[in-house]
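Worksheet: one structure, shown below.
In the numbering used here, the protein residues as written are 5 to 307.
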């Protein structure tokens with residue numbers, strides 16, 4: 005059954021590669037998406053070529069995912085905590101974070117070895133429109149790491165926060181608004197997500213239906229490079245969502261939000277290691293313990 009799903013995915017990727025143009029967002033010159041043009045043999049030959057290229061890309065991604073997971077598994081807990089502190093401080097103290105009014109951010113998962121976002125989320129909720137007197141305390145009980153994060157980060161603009169909720173196994177993910185850490189519940193994989201309705205049984209605001217844009221996306225992933233390539237976990241959830249939001253922003257004539265990835269040192273790889281296709285959405289910048297790496301023209305201008 006797993007192999008069948010892989011075959012279907014392979015055909016979908018190959019079909020997409022033969023019919024779509026490259027992603028319109030920032031793409032570094034060294035990360036040109038795959039494109040296939042039918043030759044004298046006609047479309048079937050092009051499709052076969054696309055399937056072969058897609059299979060090679062998927063295999064390279066699987067290999068790199070395995071390598072990165074192994075690197076994260078042996079990553080020193082002390083070093084990891086130190087980098088969590090440094091990364092969150094860099095974000096919290098940055099002008100581009102402080103000035104953001106709306107953002108989408110992931111809720112970090114210990115089991116997935118993601119860069120911790122607990123203090124960032126707590127800071128956002130503390131500065132949201134709702135009174136968050138108990139939020140920070142509640143979140144600190146759930147996430148006890150990164151206790152060395154500085155508490156003073158200067159004046160913050162009140163922010164609206166949307167966090168991910170996975171709806172199915174078909175890369176369908178929504179970003180729903182929360183105002184309190186108690187809005188999060190553990191799913192079947194023990195990952196915290198927003199409940200679909202609030203305490204009053206009202207549906208939570210979906211960022212795709214919001215009347216105001218978001219300025220910033222804080223993104224997870226498995227591997228990143230200094231040209232903006234991002235390797236996710238294989239579900240395609242973030243790529244699909246980011247493409248949809250980009251289309252929405254274009255329709256509404258909003259400025260595109262900054263796509264900022266948070267990465268441990270072992271997750272930043274050499275520039276030629278992450279294969280990409282037109283379905284892979286690049287990031288504008290990467291934040292590691294060593295600092296902020298602005299990549300796209302938008303990041304160079306706004307960060």
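Ideal Cβ placement from N, Cα and C applies to all residues, glycine included.
- Annotation: residue 53 is outside any beta strand (DSSP E); the continuous alpha helix (DSSP H) that includes it extends over 47-77.
- Going by DSSP, residue 182 is part of the beta strand (DSSP E) stretching over 177-182.
- Residue pairing by DSSP places residue 210 opposite 180 in a beta bridge.
- In this structure, residue 264 sits away from residue 196, with a CB-CB distance that is not shorter than 8 angstroms.
- Assigned with DSSP and collapsed to three states, residue 166 falls in strand.
- The C-beta distance from residue 287 to residue 278 rounds to 11 angstroms, too long to fall under 8 angstroms, and the pair is not in contact.
- Collapsing the DSSP output to three states places residue 263 in a strand.
- When C-alpha distances from residue 179 are compared across 106, 101, 71, the shortest belongs to 106.
- Partner residues in the beta bridge of residue 297, as assigned by DSSP, are 290.
- Counting of Cβ neighbours within 10 angstroms places residue 78 among the exposed residues, the total staying below 16.
- In this structure, residue 246 lies away from residue 296, with their beta-carbon atoms at least 8 angstroms apart.
- In chain order, 118, 121, 167, 168, 222, 223, 224 place their CB closer than 8 angstroms to the CB of residue 110, counting only its own chain and leaving out the 5 sequence neighbours on each side.
- Beta-bridge partners of residue 234 (DSSP): 228.
- The Cβ atoms of residue 266 and residue 282 lie no closer than 8 angstroms to each other.
- When DSSP states are grouped into helix, strand and coil, residue 190 belongs to the strand group.
- Around residue 125, the same chain offers 109, 111, 143, 165, 167, 185 as residues with beta carbons nearer than 8 angstroms, after the five sequence neighbours per side are excluded.
- The bridge partners DSSP lists for residue 239 come to none.
- Between residue 212 and residue 241 the beta-carbon gap is near 14 angstroms, outside 8 angstroms, which marks them as no contact.
- Between residue 208 and residue 230 a beta carbon distance of about 36 angstroms is seen, past the 8 angstroms cut, so the two are scored as non-contacting.
- As computed with DSSP, residue 198 is found in a beta bridge with 188.
- Residue 272 sits in a strand when the DSSP states are folded into three classes.
- Ranking 254, 239, 214, 129 by CA distance to the CA of residue 176 puts 239 first.
- Approximately 6 angstroms separates the beta-carbon atoms of residue 68 and residue 235; this is inside 8 angstroms, confirming the contact.
- If the five residues before and after residue 87 are omitted, its C-beta is found closer than 6 angstroms to the C-beta atoms of 268, 293, all from its own chain and listed in chain order.
- When the beta-carbon positions are compared, residue 217 and residue 256 come within less than 8 angstroms of each other.
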